[in-house]
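Here the structure is laid out as structure tokens; the discussion comes afterwards.
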Amino acid sequence: MQFTVQQLALLASILPTVHSHGFVIGATVGKTWYPGFDIQLAYQANHPKVYGWDTKALDSGFVSPDSFATADIICHKSATPAGLHIPVTAGGQVTLYWSNSWPEGHQGPVLDYLAACPNNDCSTVTKTDLNFAKIDQVGLVSGSSPGYWGEDQLAVANRSWTVTIPSSLAAGAYVLRHEILALHSARSANGAQAYPQCVNLMVSGGGSATVKGSSPETFYSATDPGILIDIYNNAAGTYQIPGPTVQAFGGSGGSAPASSTTLVTSVRTTTTTAKATTTTAPPVTTTTTKAATTTTTKAATTTTSAAGGSASLYAQCGGQGWTGPTTCASGTCKAQSQYYSQCLP
Ligand SMILES: [Cu+2]
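In case it helps, mature numbering (1 follows the signal peptide of the UniProt record, and there is no 0) puts the sequence shown at residues -20 to -1, 1 to 325.
Okay, structure coming up:
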């Protein structure tokens, strides 16, 4: 049986799109790179210790709302603690980098949580004992249906996200739980997608503030207004970020707290400015029409990934099976593993 071009195009359009999603490949503090849990490590027996928690999310996939009350929501599927801790000073910043596979069109909020580990060691912690406080969140930043989201900010910053550690936080070992909630399918029940990623931190300096949290198993429910939502049919341009309220820390350095019960239309203006210095993408200005938003985002993405046929800073530049650019527009291409090389300063 022969198909016409038109029939093949129709067939392609109705088949489900198969694409991988992503994970945090590592983080920087200053100019130092700390490798995360690259899922390729799952195929190595006794892989080297890294700073990101092991997961069994080997499809780079997500946790569904029907699993939000299970331990998988804590640090992703069947997660186990990372062996190493990223050293950072209280008041300092940790920048997390998602894999190049993170796709477009997965809009939603980005959230960050901290939990203290007993005995200054997160490498042997029991994850269900961890109590996480929310320290930072960005939901719907501007616009509507769908508008411009925290995930859009992450995407245009070379899929990176900078977290400021509260300056008053007591020194010690912490798990940083960083999460994207993708809402592109959230109009149907069980359609939201949670991508939690954990790294260990060893915080120095600081003050006496402690985190007051709870288990992520209690954070979200499938019918929360910020979980079951049609973001493409949201003319009001309002969004209620799910989960607990942001803990307020004394002193400077924390991000602007935004209550989860507030209808957030613009948050984190102070750190947005800071982010702009770490990204090669042009600053995205507030736009008033859907078309303008789309154009801006696409242009920024193209600029960061394909400028001059070489990889931008922190982007992938090699590894087994890699077919993209192998030279760096900025930095030097260094192998992180057999499967992943990256442009580093
Ligand atoms: Cu997807």
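Note that the Cβ used here is the ideal one computed from N, Cα and C, for glycine as well.
Asked: Euclidean distance between Cα positions of Gly187 and Asp132; Found: 33 Å
Asked: Sequence-distant residues of its chain with Cβ nearer than 8 Å to Gln227 (five each side left out); Found: Ala113, Lys114, Ile115, Val191, Lys192, Gly193, Pro237
Asked: C-alpha gap between Gly16 and Ala7, whole angstroms; Found: 7 Å
Asked: Residues bridged to Gln73 (per DSSP); Found: Thr144
Asked: Of the listed residues Asn80, Val74, Tyr93, Thr50, nearest to Ser40 (C-alpha basis); Found: Asn80
Asked: Contact set for Val179: own chain, Cβ-Cβ below 8 Å, skip 5 residues either direction; Found: Val4, Ala7, Tyr14, Gly16, Tyr31, Gly32, Trp33, Ala62, Ile66, Val74, Leu76, Val155, Leu156, His158
Asked: Helix, strand or coil at Ala22 [DSSP, three-state]; Found: helix
Asked: Distance between Ile145 and His86 (C-alpha atoms, nearest Å); Found: 26 Å
Asked: Alpha-carbon to alpha-carbon, Gly298 and Leu324; Found: 12 Å
Asked: Proximal residues to Ser184 (C-beta, below 6 Å), its chain only, five neighbours per side dropped; Found: Thr69, Ala151
Asked: Beta-carbon proximity list for Asn170, same chain, < 8 Å, skipping 5 on both sides; Found: Ser44, Pro45, Asp46, Ala202
Asked: Pair within 7 Å by beta-carbon distance, residue 336 and Gly130; Found: Missing from the structure shown is residue 336; the chain here goes from -20 to 325 and no further.
Asked: Opposing strand residues paired with residue 326 [DSSP bridges]; Found: Nothing can be reported for residue 326: it is not among the residues displayed for the chain, which extend from -20 to 325.
Asked: Where Lys314 falls: helix, strand or coil (DSSP); Found: strand
Asked: Residue from Thr142, Pro196, Gly119, Leu181 whose Cα sits closest to the Cα of Ala162; Found: Gly119
Asked: Coarse secondary structure for residue 340, derived from DSSP in three states; Found: There is simply no residue 340 to check, as the chain begins at -20 and stops at 325 in what is shown.
Asked: Buried versus exposed, by CB contacts within 10 Å (16 or more), Thr307; Found: exposed
Asked: Beta bridge counterpart(s) of Gly60 as assigned by DSSP; Found: As written in the sequence, residue 60 is Thr, which differs from the Gly given in the question. Asp34.
Asked: Cβ-Cβ separation, Ala309 to Ser321 (assumed contact under 8 Å), whole Å; Found: No, Ser321 and Ala309 are not in contact; Cβ-Cβ is about 15 Å, not under 8 Å.
Asked: Residue of Ala215, Ser168, Ser58 minimising C-alpha distance to Pro126; Found: Ala215
Asked: Presumed contact (8 Å Cβ cut-off) between Asn138 and Ser292, rounded CB distance; Found: 6 Å
Asked: Between the CA atoms of Ile209 and Thr60 - distance to the nearest angstrom; Found: 31 Å
Asked: Distance CB(Ser58)-CB(Lys29) smaller than 7 Å; Found: no
Asked: Through-space distance from Asp109 to Ala315, alpha-carbon basis; Found: 36 Å
Asked: Separation of Ala153 from Cys313, as counted between CA atoms; Found: 31 Å
Asked: Residues of its chain near Ser285, where Cβ-Cβ distance is below 6 Å and the 5 sequence neighbours each way are ignored; Found: With a pLDDT of only 33 at Ser285, under the threshold of 50, the placement of this residue in the model should not be trusted, and no figure is reported.
Asked: For Asp52 and Pro224, the rounded distance between their alpha carbons; Found: 18 Å
Asked: Ala174, buried or exposed, once every other Cβ within 10 Å from all chains shown has been counted against 16; Found: buried
Asked: Burial state of Ala25, where buried means 16 or more other Cβ atoms lie within 10 Å; Found: exposed
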